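Participant: After the structure tokens below, expect a handful of questions from me.
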Amino acid sequence: MKHFLNTQDWSRADLDALLAQAAAFKRNKLGDALKGRSIALVFFNPSMRTRTSFELGAFQLGGHAIVLQPGKDAWPIEFDLGTVMDGDTEEHIAEVARVLARYVDMIGVRAFPKFVDWAVDRQDRVLKAFAKYSTVPVINMETITHPCQELAHALALQEHFGSNDLRGKKYVLTWTYHPKPLNTAVANSALTIATRMGMDVTLLCPTPEYVLDERYLGWANQNIAESGGSFQVSHDIESAYSGADVVYAKSWGALPYFGNWAPEQPIRERFKHFIVDEAKMALTNDGVFSHCLPLRRNVKATDAVMDSPRCIAIDEAENRLHVQKAVMAALLR
């Protein structure tokens with residue numbers, strides 16, 4: 080049995096096969112790869128694209144998706160062993176995962192960090208607990224990484240450049256301002272897949288405090304050693320954008336202030352100029368822009384950037400449907 084928890088757990092050949100299958104599903108949306116099969120989609124956090132694309136993807140391949148929201152339309156779940164469950168939680172993950180696995184063929188999990196202690200959140204305990212107790216494949220629908228978004232992003236880039244080989248492309252992953260600190264999941268994943276594809280990757284952020292967790296920096300360095308390309312961290316907007324082929328924007332909170340955001344607020348407020356605008360994109364090599372969505376216009380990127388023909392964010396969002404169908408089909412093969 081194989082799970083889809085992180086792309087880093089899958090070989091490059093397997094990822095290429097997923098992307099090829101996703102492209103095939105994009106050409107022919109309907110099929111029977113999931114005929115008679117089912118998936119439970121467990122959402123601890125809100126969703127629009129993820130829920131819609133997984134539900135539709137299962138349907139288009141002949142399967143059935145069941146959406147569960149613990150604490151809302153399903154019982155609250157306990158994840159710690161040894162806990163005396165006399166509080167708000169009604170059942171333990173040891174029972175939840177095993178019972179669901181008796182009903183369905185796959186389980187998808189979306190569980191954001193608690194934003195209290197990064198040392199705890201970086202363990203990805205909810206996702207790993209499902210994988211531990213489930214006897215069917217588990218899919219990461221976004222926790223502290225977002226592997227489905229990675230594949231959708233990679234497919235959009237391959238489509239835009241007309242090649243599966245993205246080596247030699249200058250890729251900028253840029254931090255952008257947001258009025259509140261956000262999860263690092265998409266940034267972690269963008270860094271992972273861009274280096275996995277052998278691109279020349281620059282992580283652009285305001286100060287060293289905004290550099291991503293060492294685990295993902297380690298993955299980036301491991302990936303370039305295996306796939307080619309390069310990786311660097313920059314705090315200089317002009318040099319980072321200069322000659323870029325791809326600009327990918329995301330906001331995230333500074334990890335040194337994780338769970339204690341008040342001291343970060345005045346720092347973050349100084350860097351609103353990291354917004355992706357026409358002047359910055361003019362420095363690129365006629366580069367494309369994308370974002371995972373949702374995006375606050377004129378905060379993260381200007382209207383002109385979002386409405387430009389060089390913006391592939393909508394293509395990337397559509398590709399969520401196709402890559403997730405490929406993942407589901409591969410896990411049940």
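Position in the sequence shown (from 1) plus 79 gives the number in this note's numbering.
Glycine included, C-beta positions come from ideal geometry on N, C-alpha and C.
Being a predicted model, the structure only gives us computed values, none of them experimental.
1) Buried or exposed: Asn339, going by 16 or more other Cβ atoms within 10 Å of its Cβ?
2) For the beta strand (DSSP E) that contains Asn219, what are its first and last residues?
3) Considering Cα atoms alone, identify which of Ile145, Trp197, Leu234 and Ser318 is closest to Val188.
4) Determine the direct distance from the alpha carbon of Gln139 to that of Leu296, and round the result to whole angstroms.
5) Could you check which residue in Gln148, Ala328, Lys81 and Ala180 has the C-alpha nearest to that of Ser213?
6) Have a look at Arg412, Asn398 and Leu411 and flag the residue whose alpha-carbon is nearest the alpha-carbon of Ala103.
7) Identify whether Trp340 lies in helix, strand or coil by the three-state DSSP scheme.
8) Suppose the cutoff is 7 angstroms on Cβ atoms and the five residues either side in sequence are ignored; what does the same chain contact list for Ala405 look like?
9) Measuring straight from C-alpha to C-alpha, what distance separates Pro149 and Val121?
10) Report the option in Asn302, Ala392, Ala264 and Glu305 whose CA atom is closest to the CA atom of Val290.
11) Just the C-alpha distance for Arg91 and Phe353, rounded to the nearest angstrom, thanks.
12) Sorted by chain position, which residues of the same chain lie with C-beta nearer than 8 angstroms to Thr222's C-beta, five sequence neighbours on each side aside?
13) Is Phe123 helix, strand or coil by DSSP?
14) If we count the other Cβ atoms within 10 Å of its Cβ and call it buried at 16 or more, is Arg246 buried or exposed?
15) Leaving out five residues before and five after Leu135 in sequence, what residues of the same chain have Cβ atoms less than 7 angstroms from its Cβ?
16) Going along the chain, which unbroken runs of the beta strand (DSSP E) with 3 or more residues stay wholly within the region 247-291?
Facilitator: Result, derived from the coordinates:
1) exposed
2) Val217 to Asn219
3) Ile145
4) Answer to the nearest angstrom: the Cα atoms are 37 angstroms apart.
5) Ala180
6) Asn398
7) coil
8) Leu97, Gln100, Ala101 and Phe104.
9) 7 angstroms
10) Ala264
11) 33 angstroms
12) Val188, Arg189, Ala190, Phe191, Pro192, Asp203, Val205, Leu206 and Ala264
13) Assigned with DSSP and collapsed to three states, Phe123 falls in coil, not helix or strand.
14) exposed
15) Leu400
16) Counting only runs of 3 or more, we get 249-254 and 279-283.
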